[in-house]
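There are 2 protein chains.
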Amino acid sequence: MDPDISLVAGLIGDKTRSKMLMALMGGKALTATELACESDISAQTASTHLSKLTEGGLLVVRKQGRHKYFQLRDHEVAEILEKLLNIGSAQTQRSIDTGPSNPDLRKARICYDHLAGSLGVALYDSLMAEGAIIEEFQSAELTDKGKEFFSNLGVDIEGLRNSRRPLCKSCLDWSERRNHLAGILGQWILEDAFRKKWARKRLDSRVIDFSNSGLKKFLHTYRVSFKI
Amino acid sequence: MDPDISLVAGLIGDKTRSKMLMALMGGKALTATELACESDISAQTASTHLSKLTEGGLLVVRKQGRHKYFQLRDHEVAEILEKLLNIGSAQTQRSIDTGPSNPDLRKARICYDHLAGSLGVALYDSLMAEGAIIEEFQSAELTDKGKEFFSNLGVDIEGLRNSRRPLCKSCLDWSERRNHLAGILGQWILEDAFRKKWARKRLDSRVIDFSNSGLKKFLHTYRVSFKI
DNA sequence: CAGATAGTTCGTTGTAGATCGAAGCATAAA
DNA sequence: TTTATGCTTCGATCTACAACGAACTATCTG
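Chains D and H are the protein sequences, given in the same order.
Per the numbering used here, the first sequence starts with residue -7, numbered consecutively.
Per the numbering used here, the second sequence starts with residue -7, numbered consecutively.
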């Protein structure tokens, strides 16, 4: 028999649990109470949900003193959530397009470990325009020019290649319905922006706030043309 | 706000609906009654499930006389189901390994439109060994040698490239936990085997039955070494 | 030590939704 | 036309499970 798809999907299918998972799409490990707060439920309820999610293989947990830190199990899980977001948004797009619906989230947000939103899409476009990457169907490929470009930025390309994860990957943006850059390189770019203090993650949200000067430097570094 | 992931996941999360979806992973469009039968429920219940799945964007429906043919909406949906299968199997592997658990299904089955199971994995391995494809992280790439190989088999490679879907893709096999070939080329290979009457899909199952001579020709054509 | 905080377990309640019988509509065959 | 088949809608039932209050354990703070 096929493995039972409904077990995992049922876990994600609960509204409260999906809130928790989306919070964890921020990439950071969160404690049980943080997750309870994030999804507006009591600590007891959160506890049962979290053990189900862990039991079901969607989360991993690390105990630290009296805290328990939960985290998406791996990129495989993050990818599923991403894909579900896309299908979901294709359906609800009409209702989402109307209303204010958090423009900041649409502009720049974290997608587990890389930059998404209109800024992420603009980055992807300009990397393409500069010839640093080429789009190979679903996955993006780093060109020789791209290798040189990122090496000059201090990226150890060959080192990253040794990882189990793809170097470049294109990931469909649910708000833009266009590709942005995922994969280790996508992760590096975002981490680099954090490291250089160009941007930081807003607390309790997946929004990424760029400072004025940080955004300027980011756009300049990657030759992105991006209005507001 | 994020699109609500729980709506779609909740649809898949019901045991009966997931049975229907798995039946549709066979790639063929099925009628409402067939799907009701497949998932052991009454026609009324099936009807409500099917309208929910359609409303939710997972299925598309085509009316033909007094029949209604349902089908997975597109490859995006099939891919999600595939990924859920993988996560699910990683969890339930222990319980699945024990018991007879349908060895035919593990040997050769259809995965929406391409060949999966141990034979699919063996095919992938030998295409790699022959240097027809190389593994580029998640996606497989056709080499020049591979282009020549498949052109000789009568495949219009450049024609296929114009499609929106990737030519080659590697897809993790839930029973083998190793890659097999998906993408348009994977689809072509399976269709070709059907066309040449090497194999056919077993009714009401995702099992693919190769005839003795068909299997021999298949193995020879793709230089696959495969025991039993 | 006491008190505070993080997390869990148990029992109860309330509700969403899966299921089916019955009845109805639409299309096809006779 | 009548009869059969495929699918849908309605209403009633029943069950799974999310939620929380209360009571518990474990860890940190003073």
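Built from N, CA and C at the ideal position, the CB exists for glycine as well.
Here the structure is a predicted model, which is why all the values come from computation and not from measurement.
Can you have a look at residue i and say buried or exposed, based on whether 16 or more other CB atoms are within 10 angstroms of its CB?
| i | result |
| --- | --- |
| H:S131 | buried |
| H:S205 | exposed |
| H:D105 | buried |
| H:S143 | exposed |
| D:L195 | exposed |
| H:N154 | exposed |
| H:Q179 | buried |
| D:R156 | exposed |
| D:L(-1) | buried |
| H:L145 | exposed |
| D:E183 | exposed |
| D:K11 | buried |
| H:H41 | buried |
| D:K219 | exposed |
| H:R224 | Residue 224 of chain H falls outside the range modelled here, since chain H spans only -7 to 220, and no answer is possible. |
| H:R187 | exposed |
| D:S217 | exposed |
| H:D148 | exposed |
| H:S81 | buried |
| D:S203 | exposed |
| H:E247 | Because chain H spans -7 through 220 in this model, residue 247 of chain H falls outside it and cannot be assessed. |
| D:S43 | exposed |
| H:K161 | buried |
| D:R65 | buried |
| D:K55 | exposed |
| D:K20 | exposed |
| H:E30 | buried |
| H:R9 | buried |
| D:K208 | exposed |
| H:D(-6) | buried |
Look at the alpha carbon of residue i and the alpha carbon of residue j, and state the distance between them as a whole number of angstroms.
| i | j | result |
| --- | --- | --- |
| H:E47 | D:N94 | 26 Å |
| D:F141 | H:M14 | 45 Å |
| D:R98 | D:Y214 | 20 Å |
| H:A108 | H:G123 | 20 Å |
| H:A35 | H:R58 | 14 Å |
| H:Q83 | D:G49 | 6 Å |
| H:M120 | H:L159 | 15 Å |
| D:Q63 | D:K189 | 24 Å |
| D:R86 | H:E68 | For D:R86, the predicted structure reports a pLDDT of 49, less than 50, and the residue's modelled location is therefore unreliable. A value from the coordinates is still provided. C-alpha separation (whole angstroms): 20 Å. |
| H:K7 | D:A70 | 23 Å |
| H:L1 | H:E150 | Going by the sequence as given, residue 1 of chain H is Ala instead of Leu. Whole-angstrom Cα-Cα distance: 37 Å. |
| H:Y116 | D:N171 | 28 Å |
| D:L45 | D:K193 | 25 Å |
| D:I(-3) | D:K137 | 43 Å |
| H:G18 | H:I102 | 6 Å |
| H:T37 | H:A28 | 8 Å |
| H:I221 | D:L164 | For residue 221 of chain H there is no data in the structure shown, the boundaries of chain H being -7 and 220. |
| H:V113 | D:H212 | 46 Å |
| D:E127 | H:I79 | 28 Å |
| H:D32 | D:T135 | 53 Å |
| H:A185 | H:F210 | 7 Å |
Bridge partners of residue i, per DSSP?
| i | result |
| --- | --- |
| H:T23 | H:Y61 |
| D:N171 | D:L164 |
| H:I200 | H:K193 |
| H:I102 | H:L107 |
| D:Q83 | BP columns for D:Q83 are empty, so no partner. |
| H:K55 | H:K60 |
At a cut-off of 7 Å, would you count residue i as near the ligand SAM, judging by its Cβ distance to the nearest heavy atom?
| i | result |
| --- | --- |
| H:L77 | The ligand SAM is not part of this structure, which contains no ligands at all. |
### Residues, ordered as in the chain, of the segment 6 to 39 of chain H that lie near chain D by beta-carbon distance below 9 Å
D6, K7, T8, R9, S10, K11, L13, M14, M17
### Query
When Cβ atoms are compared, which residues of the segment 55 to 79 of chain H fall closer than 9 Å to chain D?
Flagged, chain order: R65, E68, V69, E71, I72, L73, K75, L76, L77, N78, I79.
### Query
Taking Cβ-Cβ distances below 9 Å as the criterion, which residues of the segment 181 to 206 of chain D are in contact with chain H?
R198
#### Entry: Entirely enclosed beta strand (DSSP E) segments - the segment 104 to 137 of chain H, minimum 3 residues
The qualifying runs are 106 to 108, 125 to 128, 131 to 134.
### Message
Please identify, using Cβ separations under 9 Å, the residues of the segment 42 to 53 of chain D that lie next to chain H, in order along the chain.
### Response
E47, G48, G49, L50
### Query
Where in the segment 135 to 160 of chain D do unbroken runs of the alpha helix (DSSP H), each at least 4 residues long, occur, reported from the N-terminal end onward?
136 to 144, 149 to 153
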